[in-house]
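S.K.: Listed in order, the protein sequences are those of chains A and B. Take the first sequence: its letter number 193 is residue 193 in UniProt numbering, and every next letter is one higher. Take the second sequence: its letter number 164 is residue 164 in UniProt numbering, and every next letter is one higher.
There are 2 protein chains.
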Amino acid sequence: MTQTRRRGADLERAVYQATREILNTEGLSQLTFAKVAAKAQTSKPVIYRHWETPFSLALLAIQDKIKADNHGQLDQVVLTGESLAADLLLVAQRFTASMDAFGKTFMGSWFEGVNHDDSAQLKQMLTSVRQIDLNAIDRVLKRAVARGELTGTDLPESLKLLPFDWLRYRMLAGEPVGPAELQLLVDGILVPAYVHTRGTAD
Amino acid sequence: MTQTRRRGADLERAVYQATREILNTEGLSQLTFAKVAAKAQTSKPVIYRHWETPFSLALLAIQDKIKADNHGQLDQVVLTGESLAADLLLVAQRFTASMDAFGKTFMGSWFEGVNHDDSAQLKQMLTSVRQIDLNAIDRVLKRAVARGELTGTDLPESLKLLPFDWLRYRMLAGEPVGPAELQLLVDGILVPAYVHTRGTAD
DNA sequence: CCAAATAAGAAACTTTAAGTATCTTAAAGA
DNA sequence: TCTTTAAGATACTTAAAGTTTCTTATTTGG
Numbered sequence: 001m002t003q004t005r006r007r008g009a010d011l012e013r014a015v016y017q018a019t020r021e022i023l024n025t026e027g028l029s030q031l032t033f034a035k036v037a038a039k040a041q042t043s044k045p046v047i048y049r050h051w052e053t054p055f056s057l058a059l060l061a062i063q064d065k066i067k068a069d070n071h072g073q074l075d076q077v078v079l080t081g082e083s084l085a086a087d088l089l090l091v092a093q094r095f096t097a098s099m100d101a102f103g104k105t106f107m108g109s110w111f112e113g114v115n116h117d118d119s120a121q122l123k124q125m126l127t128s129v130r131q132i133d134l135n136a137i138d139r140v141l142k143r144a145v146a147r148g149e150l151t152g153t154d155l156p157e158s159l160k161l162l163p164f165d166w167l168r169y170r171m172l173a174g175e176p177v178g179p180a181e182l183q184l185l186v187d188g189i190l191v192p193a194y195v196h197t198r199g200t201a202d
Numbered sequence: 001m002t003q004t005r006r007r008g009a010d011l012e013r014a015v016y017q018a019t020r021e022i023l024n025t026e027g028l029s030q031l032t033f034a035k036v037a038a039k040a041q042t043s044k045p046v047i048y049r050h051w052e053t054p055f056s057l058a059l060l061a062i063q064d065k066i067k068a069d070n071h072g073q074l075d076q077v078v079l080t081g082e083s084l085a086a087d088l089l090l091v092a093q094r095f096t097a098s099m100d101a102f103g104k105t106f107m108g109s110w111f112e113g114v115n116h117d118d119s120a121q122l123k124q125m126l127t128s129v130r131q132i133d134l135n136a137i138d139r140v141l142k143r144a145v146a147r148g149e150l151t152g153t154d155l156p157e158s159l160k161l162l163p164f165d166w167l168r169y170r171m172l173a174g175e176p177v178g179p180a181e182l183q184l185l186v187d188g189i190l191v192p193a194y195v196h197t198r199g200t201a202d
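#1: What are the residues of the segment 83-99 of chain B that lie near chain A, defined by any Cβ-Cβ distance shorter than 9 angstroms?
#2: Can you give me the start and stop residues for the alpha helix (DSSP H) that B/Glu-26 sits inside?
#3: Whole angstroms is fine: what's the gap from A/Ala-37's alpha carbon to A/Asn-24's?
#4: Which residue marks the beginning of the alpha helix (DSSP H) containing A/Arg-49, and which one marks its end?
#5: Residues of chain B with CB closer than 7 angstroms to the CB of A/Asp-187, please, in chain order.
#6: Thinking just about the alpha-carbon of each residue, which of B/Leu-162, B/Gly-199, B/Arg-198, B/Thr-200 is nearest to the one in B/Leu-182?
#7: Helix, strand or coil for A/Gly-199? Go by DSSP, reduced to three states.
#8: So that I know if they touch, is there some Cβ in chain A lying closer than 8 angstroms to that of B/Met-1?
#9: If you reduce the DSSP assignment to three classes, tell me which class B/Leu-150 lands in.
#10: Using 8 angstroms as the Cβ pair cut-off and three pairs as the minimum, do the segment 126-136 of chain A and the segment 155-170 of chain B touch?
#11: Beta carbon of B/Thr-96, beta carbon of A/Val-140: below 8 angstroms?
#12: Compute the Euclidean distance between the alpha carbons of A/Tyr-169 and B/Trp-51, then round it to the nearest angstrom.
#13: Could you check how far apart the C-beta atoms of A/Pro-192 and B/His-196 are, in whole angstroms? I think they sit under 8 angstroms.
#14: Let's see if you can read the secondary structure: which residues bound the alpha helix (DSSP H) around B/Thr-96?
#15: Compare the C-beta of A/His-50 with all C-beta atoms of chain B and state if any pair is closer than 8 angstroms.
#16: Determine, using beta carbons only, whether B/Leu-79 and B/Leu-90 come nearer to each other than 8 angstroms.
#17: Establish whether the CB of A/Gly-148 and some CB of chain B are separated by less than 8 angstroms.
#18: Please report the residue range of the alpha helix (DSSP H) in which A/Leu-184 lies.
#19: Looking at the secondary structure, which residues open and close the alpha helix (DSSP H) in which B/Ala-37 lies?
#20: For A/Asp-154, count the other beta carbons within 10 Å of its own beta carbon; 16 or more makes it buried, fewer makes it exposed. Which is it?
#21: Taking A/Gly-103 as the reference, which of B/Ser-83, B/Gln-93, B/Leu-126, B/Arg-20 has the closest Cα?
#22: Where does B/Asp-69 land, buried or exposed, given buried means 16+ other C-beta within 10 angstroms?
#23: Taking one C-beta from the segment 82-89 of chain A and one from the segment 54-65 of chain A each time, how about it: are there three or more such pairs within less than 8 angstroms?
#24: Going by DSSP in three states, A/Glu-157 sits in which element: helix, strand or coil?
#25: Does B/Tyr-16 get closer than 8 angstroms to chain A when you measure Cβ to Cβ?
#26: Indicate the three-state DSSP secondary structure (helix, strand or coil) for B/Thr-127 in the structure shown.
Next comes the structure, spelled out in structure tokens:
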């Protein structure tokens, strides 16, 4: 039916576009060459000739997106804040608003391809893990209050969970978590943050 | 050959054990009922009769592990520190050392099932994303130094990347990231941490 | 202690999807 | 216009998921 054939860069763009749509809706686990071919209105052999695996196609599709979106890059945000805090907020807002292409697809597609029952079970599990983490931190905070280092234990939950979230992320990303990182976490991040919110006048 | 047949709880334990071994070595994407059956020395129909999907089997296998390891739970660590910092370090160390069952399997198995070529490409991509993040923060820090809020921009990389890591993790885990979280991040965590390391005497 | 019910384990089968080969023909370049 | 290159269609091969059937070990209850 199609008497016009796309090729080269034209075709490539369509394939990357189709790939990203599948990644965003169904996730990495559901990305197959057959689906990409169908969505891009081409055929399987074309995809197989050009790309090695669905995974590498996914990487290239995301890189393509990053290149295309160059204008909105995080490190080119116009900084207009009157203070460190204001500037940081701008960057953080921009980051969450546009969520860089990598994060969105790779992070967000983890739990895709999981049915409803499983999803509920997973949620419950995450909750119980979080409870354990909170208990652990609360015990530490109570001791600190008893010692007179803090004035209370009622910090935001997000702040209490920060160390665990951060450590999990680093392990996930394959970044080193050694004594130096733990030291930084405790002395450079947690203690200052806790003292800032609930510190004693001294 | 096997004239003895396991059943009930006995069999269940063997299946969960096998499931966890596969999760730890090959990752979630490689977890199939056939492999579990083989490793647990049973047969496919047995697995299909008891569990719905590989994913739900994985969840149950991990919960089973958590129950079994109850003694070593994070919120039962013996706290012996003489200060807030010392106690926090104990908890953080324990967390990284034993990495709770959930984190280990689900976080660590993300990038399993990825071949060598892809893995290299992925690493490179992560690096370039990190570079963008670092640039964005450095610009903010320079402005803060110019204003006199900080004495220098040479903070540990981990600290500079903290906001991005944390936000990515929360999005991944499906936890809310709204204005309140951003405010907490900036005012309650980042500014105190930066000022602690590179603040002016004021 | 024996008989009936239950569930494990083996093997073979069906179905589905991934991956490959072949061929025709549109598009690009000389 | 002729030659080369690569897209797109179709059909095929292979492999793994999921299912069925049957046999027999284990448990339970009379």
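Yeah, the Cβ is synthetic: ideal placement off N, Cα and C, and Gly gets one too. Computed from a predicted model, the values in this text were never measured in an experiment.
M.R.: Taking the definition as stated:
#1: Ser-83, Leu-84, Ala-85, Ala-86, Asp-87, Leu-88, Leu-89, Leu-90, Val-91, Ala-92, Gln-93, Arg-94, Phe-95, Thr-96, Met-99
#2: The residue given as residue 26 of chain B occupies position 26 in the second sequence. Residues 8-26.
#3: The residue you call residue 37 of chain A lines up with position 37 of the first sequence. The residue you call residue 24 of chain A lines up with position 24 of the first sequence. For A/Ala-37 and A/Asn-24, the distance between alpha carbons rounds to 16 angstroms.
#4: Indexing the first sequence from 1 puts residue 49 of chain A at position 49. Taken as a continuous stretch (DSSP letters only), the alpha helix (DSSP H) holding A/Arg-49 covers 44-50.
#5: Locating residue 187 of chain A in the first sequence gives position 187, counting from the first residue. Under the 7 angstroms cutoff, chain B gives Ala-85.
#6: Reading the second sequence from its first residue, position 182 is the one you call residue 182 of chain B. Out of B/Leu-162, B/Gly-199, B/Arg-198, B/Thr-200, B/Leu-162 has the C-alpha closest to the C-alpha of B/Leu-182.
#7: Here residue 199 of chain A refers to the residue found at position 199 of the first sequence. Looking at A/Gly-199 - three-state DSSP - the assignment turns out to be strand.
#8: Locating residue 1 of chain B in the second sequence gives position 1, counting from the first residue. For B/Met-1, the pLDDT reaches just 40, beneath the cut-off of 50, and the residue's location in the model is therefore unreliable, leaving the point undetermined.
#9: Taking the second sequence and counting its residues from 1, the one referred to as residue 150 of chain B is at position 150. Strand at B/Leu-150.
#10: no
#11: Counting from one through the second sequence, the residue named residue 96 of chain B turns up at place 96. Counting from one through the first sequence, the residue named residue 140 of chain A turns up at place 140. Result no, Cβ atoms of B/Thr-96 and A/Val-140 do not sit closer than 8 angstroms.
#12: Indexing the first sequence from 1 puts residue 169 of chain A at position 169. Indexing the second sequence from 1 puts residue 51 of chain B at position 51. Those two C-alpha atoms are separated by around 30 angstroms.
#13: Translated into the one-based positions of the first sequence, residue 192 of chain A becomes position 192. Translated into the one-based positions of the second sequence, residue 196 of chain B becomes position 196. Their Cβ separation, rounded to whole angstroms, is 4 angstroms, which keeps A/Pro-192 and B/His-196 in contact under 8 angstroms.
#14: Residue numbering aside, residue 96 of chain B sits at position 96 when the second sequence is read from its first letter. Unbroken alpha helix (DSSP H) run through B/Thr-96: 84-98.
#15: Indexing the first sequence from 1 puts residue 50 of chain A at position 50. No - not a single Cβ of chain B is within 8 angstroms of the one on A/His-50.
#16: Translated into positions along the second sequence, residue 79 of chain B becomes position 79. Translated into positions along the second sequence, residue 90 of chain B becomes position 90. Their beta carbons are under 8 angstroms apart, which means B/Leu-79 touches B/Leu-90 by this criterion.
#17: In the first sequence, residue 148 of chain A corresponds to position 148, counting from 1. Output row for A/Gly-148: interface = no.
#18: Taking the first residue of the first sequence as position 1, residue 184 of chain A is located at position 184. Per DSSP, A/Leu-184 belongs to no alpha helix (DSSP H) and is neither H nor E.
#19: Within the second sequence, numbered from 1, the residue matching residue 37 of chain B stands at position 37. Where B/Ala-37 is concerned, the enclosing alpha helix (DSSP H) stretches over 33-39.
#20: Position 154 of the first sequence, counted from the first residue, corresponds to residue 154 of chain A. Burial call: exposed.
#21: Position 103 of the first sequence, counting from 1, holds the residue named residue 103 of chain A. A/Gly-103 has its Cα closest to that of B/Leu-126, out of B/Ser-83, B/Gln-93, B/Leu-126, B/Arg-20.
#22: In the second sequence, counting from the first residue as 1, residue 69 of chain B sits at position 69. With fewer than 16 other Cβ atoms within 10 Å, it is exposed.
#23: no
#24: Position 157 of the first sequence, counted from the start, is the residue given in the question as residue 157 of chain A. Three-state DSSP puts A/Glu-157 in a helix.
#25: As a position in the second sequence, residue 16 of chain B is number 16, starting the count at 1. For B/Tyr-16, the answer is no, since every Cβ of chain A falls outside 8 angstroms of its Cβ.
#26: Taking the second sequence and counting its residues from 1, the one referred to as residue 127 of chain B is at position 127. Helix at B/Thr-127.
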